[in-house]
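Undergrad: Going letter by letter, the sequence shown gives residues 1 to 296 in our numbering.
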Amino acid sequence: MRILLLGARGQLGRALFSALCRDYPHWQVTALGRAACDITDPGALIGALNRHQPDVILNGAAYTAVDLAEAKPELAERINHQAVALLAWEASARGALLVHFSTDYVFDGSGSDPWCEADAPSPLNVYGASKLAGEQVIRALCPHHLIVRTSWLYGGEGSYFARTILRRANEGQPLEVVADQWGAPTQVDWLATSVLLALPQVVKAPDKGGLYHLCPAGETSWHGFASALVEESCRLGLLARPVPIKPIPSANWPQAARRPLNSRLDCRRFATVFGIQIPAWEVLMSRWLASQCEGG
Ligand SMILES: NC(=O)c1ccc[n+]([C@@H]2O[C@H](COP(=O)([O-])OP(=O)(O)OC[C@H]3O[C@@H](n4cnc5c(N)ncnc54)[C@H](OP(=O)(O)O)[C@@H]3O)[C@@H](O)[C@H]2O)c1
């Protein structure tokens, strides 16, 4: 199977590449970062598709700067929607499976029930709207697709919430963390591995494709996640002593983009269709922290 991975240098792109190399050495994988293939450049994108003739396109490329997107909506729109439209068109014309990622931020965060795939999206911010437009254009143009909505990614390269919390805790800084946004933190290597398990199934049985939610089981707030990170890091000896973590409402942490309060995702469809067991977020967090102890 020939795989073309785009956005290969992002957090998820790197996790996908590692999992592909580790678990699927018999697949022919080409991984291109933005410098090698800017998806907003039609020449570069079509050139890469012509050169590599993929059976599967994995799109890890996205504009993910949620707050900056409020000031630069056209950039989010170009990368998360317009470029994805061309990708969907080309994938469809070539009969390739398009695997794409989206976000809990397509929902408005009302209520407290986990969101199902059939629930109506209603994004609160520019980033969420651009990601929703990307999903919709794929569904319209490319029937052979797998779109995976996930939430609160951590555990790879780059800067993200869990890393910031651990750095500040190591510096002994007391923390204030939002306690009224609920969801599940998703360890990126687990996400990559789970999606790659589904991939051959969708290739073999295209009717298994479509839109799915995927994050670990259970729920917490950002405050709950920060507290668990600090507690488990102390237990593992990654952190000398705990720091106080004050719960605050979102209103006390102003950000350019509004965030949904309820980001819970119902992932039963993915688990049932692809036959995987979804572990609790705490289990994945502990495993990730333990791997940090080993320098892994
Ligand atoms: N991070 C989260 O918490 C989260 C939550 C839910 C869903 N998601 C979704 O999960 C996916 C992966 O997110 P992530 O955390 O891995 O994001 P990320 O670390 O920001 O990676 C995105 C990658 O896309 C690249 N990129 C941006 N514009 C591009 C372009 N025009 N052409 C080619 N590549 C381009 C970026 O390159 P540069 O670094 O050069 O800009 C970066 O390497 C995205 O679809 C995102 O919407 C993320």
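Don't be surprised by glycine CBs; every beta carbon is placed ideally from N, CA and C.
Let's see if you can read the secondary structure: which residues bound the alpha helix (DSSP H) around Ile3?
TA: Unbroken run through Ile3 is the beta strand (DSSP E), Arg2 to Leu6; no alpha helix (DSSP H).
Undergrad: Are the region 39-55 and the region 11-20 touching, with three or more C-beta to C-beta distances below 8 Å?
TA: no
Undergrad: At which residue ranges does the region 246-285 contain complete alpha helix (DSSP H) runs of 4 or more residues, listed in the order of the chain?
TA: 268-274
Undergrad: By a C-beta neighbour count over all protein chains shown, 10 Å radius and 16 as the cutoff for buried, is Glu231 buried or exposed?
TA: exposed
Undergrad: Considering only the alpha carbon of each residue, which of Ala257, Gln11, Phe161 and Phe274 lies closest to Ala205?
TA: Phe274
Undergrad: Classify Asp207 as buried or exposed, calling it buried when 16 or more other Cβ atoms lie within 10 Å of its own Cβ.
TA: exposed
Undergrad: Return yes when at least one heavy atom of ligand 1 lies under 7 Å from the C-beta of Trp152, else no.
TA: Within 7 Å of the C-beta of Trp152 there is at least one heavy atom belonging to ligand 1.
Undergrad: For Val29, which of helix, strand or coil comes out of DSSP?
TA: strand
Undergrad: What's the call for Lys131, buried or exposed, on a 16-neighbour Cβ count within 10 Å?
TA: buried
Undergrad: Going by Cα to Cα distance, which pick from Asp104, Met1 and Tyr63 is closest to His213?
TA: In this structure, Asp104 is the residue among Asp104, Met1 and Tyr63 with its C-alpha nearest to the C-alpha of His213.
Undergrad: How do the region 209-229 and the region 133-151 stand: do at least 3 beta-carbon pairs fall below 8 Å, yes or no?
TA: yes
Undergrad: Out of Pro114, Cys142 and Met285, point me to the one whose CA is closest to Leu261's CA.
TA: Pro114
Undergrad: Are the beta-carbon atoms of Arg264 and Glu219 separated by less than 8 Å?
TA: yes
Undergrad: If you count every other CB in all the chains shown that lies within 10 Å of the CB of Gln181, and 16 or more means buried, which is it?
TA: Around the Cβ of Gln181, a 10 Å sphere holds 16 or more other Cβ atoms; the residue is buried.
Undergrad: If the criterion is Cβ atoms closer than 8 Å, does the pair Ile57 and Ala91 meet it?
TA: yes
Undergrad: Report the option in Ala31, Arg34 and Leu124 whose CA atom is closest to the CA atom of Ala256.
TA: Selected option, being the one with the closest Cα: Leu124.
Undergrad: Looking only at DSSP bridge pairs, what is Phe101 linked to?
TA: Val148
Undergrad: Verify the contact flag: Gly109, CB atom, against every heavy atom of ligand 1, threshold strictly below 7 Å.
TA: Checking every heavy atom of ligand 1 against the Cβ of Gly109, none is found closer than 7 Å.
Undergrad: By the three-class DSSP mapping on this structure, what secondary structure does Thr164 have?
TA: The three-state secondary structure of Thr164, taken from DSSP, is helix.
Undergrad: Going by C-alpha to C-alpha distance, which of Ser286, Gly7 and Tyr24 sits closest to Ala198?
TA: Tyr24
Undergrad: Would you say the region 73-89 touches the region 133-145, given that touching needs at least three Cβ pairs under 8 Å?
TA: The region 73-89 is in contact with the region 133-145.
Undergrad: Quick one, which of Gln11, Leu236 and Thr30 has its alpha-carbon nearest Leu4's?
TA: Thr30
Undergrad: Kindly list the residues whose CB is nearer than 8 Å to the CB of Pro42, restricted to its own chain and excluding five residues on each side of it in sequence; keep chain order.
TA: When the five nearest sequence neighbours on each side are left out, the beta carbons in the same chain lying within less than 8 Å of the beta carbon of Pro42 are those of Leu86, in order along the chain.
Undergrad: Just to check, is the beta-carbon of Lys131 closer than 7 Å to a non-hydrogen atom of ligand 1?
TA: Under cutoff, so the answer is yes.
Undergrad: Any idea which residues DSSP pairs Tyr212 with across the strands?
TA: Val148
Undergrad: What does the Cβ neighbour count give for Ala169, buried or exposed, with the cut at 16 atoms within 10 Å?
TA: buried
Undergrad: May I ask you to report which of helix, strand or coil DSSP gives Thr193?
TA: helix
Undergrad: So the candidates are Gln11, Leu16, Arg9 and Thr272; which of them puts its Cα closest to the Cα of Thr193?
TA: Leu16
Undergrad: Within the present structure, is the beta-carbon of Arg264 separated from the nearest heavy atom of ligand 1 by less than 7 Å?
TA: no
Undergrad: Sorted by chain position, which residues of the same chain lie with C-beta nearer than 7 Å to Val188's C-beta, five sequence neighbours on each side aside?
TA: Close CB contacts of Val188 within its chain, under the 7 Å cut and outside five residues either way in sequence, are with Gln11, Leu12, Ala15, Leu153, Tyr154, Gly155 and Gly156 (chain order).
Undergrad: With a threshold of 8 Å between beta-carbons, can Gln181 be considered close to chain D, or not?
TA: Note that chain D does not occur in the displayed structure, where there is just one protein chain.
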